[in-house]
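Each remark here refers to the structure printed beneath this line.
In our numbering, the protein residues as written are 32 to 88.
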């Protein structure tokens with residue numbers, strides 16, 4: 032359609048996008064298993080799911 036050759040007329044990607052995104056997803060979702068994150072979950076949920084006027088200090 033655009034008459035160009037990848038790697039000749041236009042550079043190839045510097046990274047493997049599929050592998051990089053897979054690694055990032057695994058790293059981010061892996062945080063759920065950490066004990067320090069699990070211990071902080073109630074505070075995070077309270078802060079981000081309750082309207083500010085309804086929160087008790």
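Cβ coordinates follow ideal geometry from the N, Cα and C atoms, glycine included. Model, not experiment: these values are computed from the prediction.
Among the bridge pairs identified by DSSP, residue 37 is matched with 41.
As the crow flies, the alpha-carbon of residue 62 is around 26 Å from that of residue 83. Secondary structure note for residue 73: its alpha helix (DSSP H) is the uninterrupted segment 66–80. Rounded to the nearest whole angstrom, the CA to CA distance from residue 37 to residue 54 is 25 Å.
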